[in-house]
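In UniProt numbering, the protein residues as written are 1 to 150.
Glycine included, every Cβ here is placed at the ideal spot set by N, Cα and C.
The model shown is predicted, which means the values in this text are computed figures rather than measured ones.
First up is the structure itself, then whatever we jot down about it.
Following this line, the structure appears as C-alpha coordinates:
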(Lines of atoms letter the chains of each structure in order from A and count residues from 1; the text may use other names and numbers.)
(Lines give C-alpha, C1' and ligand atoms only; values in the text may rest on other atoms or scores of the structure.)
Protein backbone atom coordinates (compact mmCIF):
# COMPACT_ATOMS: atom_id res chain seq x y z
CA UNK A 1 0.00 0.00 0.00
CA UNK A 2 1.28 3.44 -0.88
CA UNK A 3 1.39 6.04 1.84
CA UNK A 4 1.78 9.82 1.41
CA UNK A 5 5.42 9.59 2.50
CA UNK A 6 6.13 7.26 -0.44
CA UNK A 7 5.00 9.83 -3.00
CA UNK A 8 8.29 11.78 -3.45
CA UNK A 9 10.20 8.73 -4.75
CA UNK A 10 7.40 7.09 -6.73
CA UNK A 11 7.70 7.19 -10.49
CA UNK A 12 4.83 8.82 -12.31
CA UNK A 13 3.84 9.29 -15.91
CA UNK A 14 2.48 12.62 -17.07
CA UNK A 15 3.75 16.05 -18.00
CA UNK A 16 6.52 18.11 -16.46
CA UNK A 17 7.16 21.81 -17.00
CA UNK A 18 10.92 21.97 -17.47
CA UNK A 19 13.46 24.67 -16.73
CA UNK A 20 17.21 25.15 -16.66
CA UNK A 21 19.27 25.92 -13.62
CA UNK A 22 23.06 26.19 -13.77
CA UNK A 23 23.09 24.20 -17.01
CA UNK A 24 20.96 21.27 -15.80
CA UNK A 25 17.39 20.41 -16.77
CA UNK A 26 14.76 20.19 -14.02
CA UNK A 27 11.04 19.61 -14.08
CA UNK A 28 7.93 20.11 -11.94
CA UNK A 29 4.48 18.63 -12.45
CA UNK A 30 2.44 20.89 -14.71
CA UNK A 31 -0.55 20.72 -12.36
CA UNK A 32 1.47 22.73 -9.81
CA UNK A 33 2.42 25.51 -12.27
CA UNK A 34 0.17 28.56 -12.23
CA UNK A 35 2.19 30.77 -14.59
CA UNK A 36 5.64 31.70 -15.83
CA UNK A 37 6.84 35.31 -15.74
CA UNK A 38 9.86 37.32 -16.76
CA UNK A 39 11.99 38.71 -13.97
CA UNK A 40 9.97 40.58 -11.36
CA UNK A 41 10.96 43.25 -8.86
CA UNK A 42 11.79 41.70 -5.49
CA UNK A 43 11.37 43.19 -2.06
CA UNK A 44 14.03 41.76 0.24
CA UNK A 45 12.93 40.31 3.57
CA UNK A 46 15.21 41.11 6.52
CA UNK A 47 16.47 38.05 8.43
CA UNK A 48 14.88 35.63 5.94
CA UNK A 49 16.63 32.33 5.19
CA UNK A 50 19.15 32.61 2.30
CA UNK A 51 16.86 30.70 -0.10
CA UNK A 52 14.11 33.32 0.30
CA UNK A 53 15.09 35.85 -2.35
CA UNK A 54 12.26 38.18 -1.34
CA UNK A 55 8.63 38.93 -2.05
CA UNK A 56 6.95 39.57 -5.39
CA UNK A 57 3.77 41.57 -5.91
CA UNK A 58 1.73 39.41 -8.27
CA UNK A 59 -1.29 41.52 -9.25
CA UNK A 60 -1.86 42.56 -5.66
CA UNK A 61 -1.00 39.19 -4.12
CA UNK A 62 2.25 38.99 -2.14
CA UNK A 63 4.16 35.86 -3.16
CA UNK A 64 7.37 34.49 -1.63
CA UNK A 65 10.23 34.04 -4.11
CA UNK A 66 12.48 31.02 -3.55
CA UNK A 67 15.93 31.09 -5.16
CA UNK A 68 16.34 27.52 -6.42
CA UNK A 69 20.07 27.98 -6.96
CA UNK A 70 20.43 28.51 -3.22
CA UNK A 71 18.03 25.66 -2.31
CA UNK A 72 19.91 23.22 -4.54
CA UNK A 73 23.38 24.31 -3.42
CA UNK A 74 24.31 25.80 -6.79
CA UNK A 75 26.50 28.88 -7.29
CA UNK A 76 24.75 32.27 -7.31
CA UNK A 77 23.24 33.52 -10.57
CA UNK A 78 25.82 35.59 -12.48
CA UNK A 79 25.52 39.34 -11.97
CA UNK A 80 23.36 41.05 -14.57
CA UNK A 81 21.43 37.85 -15.32
CA UNK A 82 17.70 38.01 -14.64
CA UNK A 83 15.80 35.06 -13.23
CA UNK A 84 12.65 33.62 -14.75
CA UNK A 85 9.79 33.24 -12.26
CA UNK A 86 7.72 30.06 -12.12
CA UNK A 87 4.66 30.56 -9.93
CA UNK A 88 3.51 27.29 -8.41
CA UNK A 89 0.40 26.66 -6.36
CA UNK A 90 0.53 24.25 -3.44
CA UNK A 91 -2.36 23.74 -1.04
CA UNK A 92 -4.04 26.87 -2.41
CA UNK A 93 -1.00 29.10 -1.81
CA UNK A 94 1.16 30.63 -4.55
CA UNK A 95 4.95 30.53 -4.26
CA UNK A 96 7.44 31.58 -6.92
CA UNK A 97 10.57 29.69 -7.92
CA UNK A 98 13.46 31.64 -9.43
CA UNK A 99 15.18 29.72 -12.25
CA UNK A 100 17.60 30.54 -15.07
CA UNK A 101 15.31 29.83 -18.02
CA UNK A 102 12.12 28.03 -18.90
CA UNK A 103 12.19 25.09 -21.31
CA UNK A 104 9.35 22.90 -22.60
CA UNK A 105 6.49 20.88 -21.23
CA UNK A 106 7.51 17.26 -21.74
CA UNK A 107 5.69 13.96 -21.44
CA UNK A 108 7.41 11.53 -19.09
CA UNK A 109 6.88 7.82 -18.61
CA UNK A 110 7.29 5.98 -15.32
CA UNK A 111 9.40 3.38 -17.17
CA UNK A 112 12.07 6.04 -17.75
CA UNK A 113 12.23 7.04 -14.06
CA UNK A 114 15.33 6.37 -11.97
CA UNK A 115 16.37 7.17 -8.43
CA UNK A 116 18.34 10.41 -7.98
CA UNK A 117 21.82 10.17 -9.52
CA UNK A 118 24.69 9.36 -7.17
CA UNK A 119 26.38 12.59 -8.23
CA UNK A 120 23.74 14.59 -6.35
CA UNK A 121 24.64 15.26 -2.77
CA UNK A 122 23.62 17.35 0.19
CA UNK A 123 20.52 19.47 -0.04
CA UNK A 124 20.04 18.81 -3.77
CA UNK A 125 19.59 15.07 -3.12
CA UNK A 126 16.80 15.81 -0.63
CA UNK A 127 14.88 17.96 -3.13
CA UNK A 128 15.05 15.67 -6.18
CA UNK A 129 12.47 12.88 -6.48
CA UNK A 130 14.44 11.17 -9.22
CA UNK A 131 15.42 11.47 -12.85
CA UNK A 132 13.88 10.72 -16.22
CA UNK A 133 16.08 9.70 -19.14
CA UNK A 134 15.28 11.84 -22.17
CA UNK A 135 16.98 11.93 -25.56
CA UNK A 136 20.58 12.72 -24.70
CA UNK A 137 19.89 14.35 -21.33
CA UNK A 138 18.71 13.75 -17.81
CA UNK A 139 15.61 15.50 -16.46
CA UNK A 140 15.76 15.92 -12.68
CA UNK A 141 12.27 15.80 -11.14
CA UNK A 142 12.05 18.45 -8.42
CA UNK A 143 9.94 17.74 -5.34
CA UNK A 144 8.10 21.07 -5.30
CA UNK A 145 6.74 20.70 -1.78
CA UNK A 146 10.22 20.13 -0.32
CA UNK A 147 11.75 22.87 -2.47
CA UNK A 148 9.39 25.55 -1.16
CA UNK A 149 9.65 24.32 2.44
CA UNK A 150 11.95 26.02 4.90
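Determine the contact status of residue 127 and residue 71, defining contact as a CB-CB distance below 8 Å.
yes
So for residue 45, helix, strand or coil by DSSP?
In this structure, residue 45 counts as coil in the three-state DSSP scheme.
Opening and closing residue of the alpha helix (DSSP H) in which residue 127 lies:
Here the alpha helix (DSSP H) through residue 127 covers 122-127.
Can you find the residues in the same chain that come closer than 7 Å, C-beta to C-beta, to residue 5, ignoring five residues on each side of it along the sequence?
The predicted model places residue 5 with a pLDDT of 42, which falls under 50 and marks its position as unreliable, so this point remains unresolved.
Give the single residue among 116, 121, 100 whose Cα lies nearest to the Cα of residue 80.
Selected option, being the one with the closest Cα: 100.
Quick check: residue 184 and residue 64, are their CB atoms within less than 8 Å of each other?
As displayed, the chain neither begins before 1 nor continues past 150, which places residue 184 out of reach and without an answer.
Considering only residues of the UniProt domain "CheW-like" (13-150), which uninterrupted beta strand (DSSP E) runs meet the minimum length of 3 residues and lie entirely inside it, listed in chain order?
14-21, 24-29, 33-37, 52-58, 61-67, 84-90, 93-99, 101-108, 128-134, 137-142
Cβ-based burial, residue 158 [other Cβ within 10 Å; buried from 16]
Since the first and last residues shown for the chain are 1 and 150, residue 158 lies out of range.
If you drop the 5 nearest sequence neighbours on each side, which residues of the same chain put their C-beta closer than 7 Å to that of residue 198?
Residue 198 is absent from the model: the chain starts at 1 and stops at 150.
Comparing the C-beta of residue 14 with each C-beta of chain D, is any distance below 8 Å?
Note that chain D does not occur in the displayed structure, where there is just one protein chain.
What's the C-alpha gap between residue 22 and residue 123?
15 Å
Under 8 Å: do the segment 105-112 and the segment 53-64 share three or more Cβ pairs, one atom per stretch?
no
Kindly indicate which residue of 16, 24, 15 has the alpha-carbon position closest to the one of residue 136.
24
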